[in-house]
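Here the structure comes first, spelled out in structure tokens, and everything after it is commentary.
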Amino acid sequence: MAHVGLVFVGLILFINGLVSLGRIPAHSAAVLNLMVGGVQILLPTLIMVQAGSDTLMVNGAWPSYLFGMTYLLVGLNTLCGFDTGAFGWFSAFVAVIAVYKAVISLSTDPIFAVIWLSWALMWLCLFLQHALGVQRLGGIELQRFAGWLLVSAGIPSSTVPALFAQNGIWTTAPAAGLAALAALAVSLGFSAWQGLRSARSLEARQNLAA
Numbered sequence: 073m074a075h076v077g078l079v080f081v082g083l084i085l086f087i088n089g090l091v092s093l094g095r096i097p098a099h100s101a102a103v104l105n106l107m108v109g110g111v112q113i114l115l116p117t118l119i120m121v122q123a124g125s126d127t128l129m130v131n132g133a134w135p136s137y138l139f140g141m142t143y144l145l146v147g148l149n150t151l152c153g154f155d156t157g158a159f160g161w162f163s164a165f166v167a168v169i170a171v172y173k174a175v176i177s178l179s180t181d182p183i184f185a186v187i188w189l190s191w192a193l194m195w196l197c198l199f200l201q202h203a204l205g206v207q208r209l210g211g212i213e214l215q216r217f218a219g220w221l222l223v224s225a226g227i228p229s230s231t232v233p234a235l236f237a238q239n240g241i242w243t244t245a246p247a248a249g250l251a252a253l254a255a256l257a258v259s260l261g262f263s264a265w266q267g268l269r270s271a272r273s274l275e276a277r278q279n280l281a282a
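Below you can see the structure in the form of structure tokens.
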């Protein structure tokens, strides 16, 4: 059941990436954020109610609340015009939990360790943007970097592994983890290049205007 939620997580990460890139108005994605956020609250709740004292099921389900609360906050902040500072600090909490999950998954499921790492980086960007107001990192425009990271890694880190897991197609081989890490590195490199390119383009326009 948890894998069903991840299918839609990939979709909303992709959509929110397009919002960050200015391709979709934020208000048009707000309701979808609320819907996916609701699913990510409902499904783990059902799982944990059924799990009882099964700690394995509980530990597998509760992280979905991190996603659910994120998307509910994004939707509500957009529709109601709330300040996003608290959301930024919440994102820092999610990023720390994601790093923790990546570390403890490394020896047993290297692919999911990389997936958790990718999510940690996504939520770190949200923390830097909304809590600290960071616009650039080393010459890279952060909003463009974050947008392209969500677009390029959102579906591969969520929807794709969820579909594989649903069909029993999974491996915990170290080589698979290295392949996932290489894919994440490509996504990060591409996103950084896009962010740097955008920053340089903005500087060029400002110089022309001056």
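In the working numbering, each number is its position in the sequence shown, counted from 1, plus 72. For glycine and all other residues, C-beta sits at the position ideal for the given N, C-alpha and C. Remember, predicted model here, so these are calculated numbers, not experimental data.
Start-to-end residues for the alpha helix (DSSP H) that takes in residue i
i	result
SER163	157-177
LEU148	136-152
GLY132	127-133
Residues that residue i bridges to, as DSSP identifies them
i	result
ARG208	GLU213
Simplified DSSP assignment, three categories, for residue i
i	result
THR244	coil
ILE183	helix
PRO116	helix
ALA203	coil
ASN239	coil
ARG269	helix
ILE87	helix
GLY124	coil
GLY77	helix
ARG95	coil
SER230	coil
8 Å contact criterion, which residue i and residue j should meet: CB distance rounded
i	j	result
LEU85	GLY219	About 11 Å; that fails the 8 Å criterion.
GLY157	ALA203	6 Å
SER224	PHE199	Going by Cβ atoms, the distance from SER224 to PHE199 rounds to 20 Å, so no, they are not a contact pair.
VAL81	PHE139	6 Å
PRO228	ALA255	7 Å
ILE176	ALA252	The pair is not a contact, with the Cβ atoms about 17 Å apart (cut-off 8 Å).
Counting Cβ pairs, one atom from each stretch, are 3 or more of them under 8 Å apart for the region 231-248 and the region 89-104?
Flag = no, the region 231-248 and the region 89-104 do not touch.
With three or more C-beta pairs closer than 8 Å as the rule, is the region 103-115 touching the region 138-148?
Result yes; three or more Cβ-Cβ pairs closer than 8 Å.
Could you tell me whether the region 203-216 touches the region 271-278, where touching means 3 or more Cβ pairs closer than 8 Å?
Result yes; three or more Cβ-Cβ pairs closer than 8 Å.
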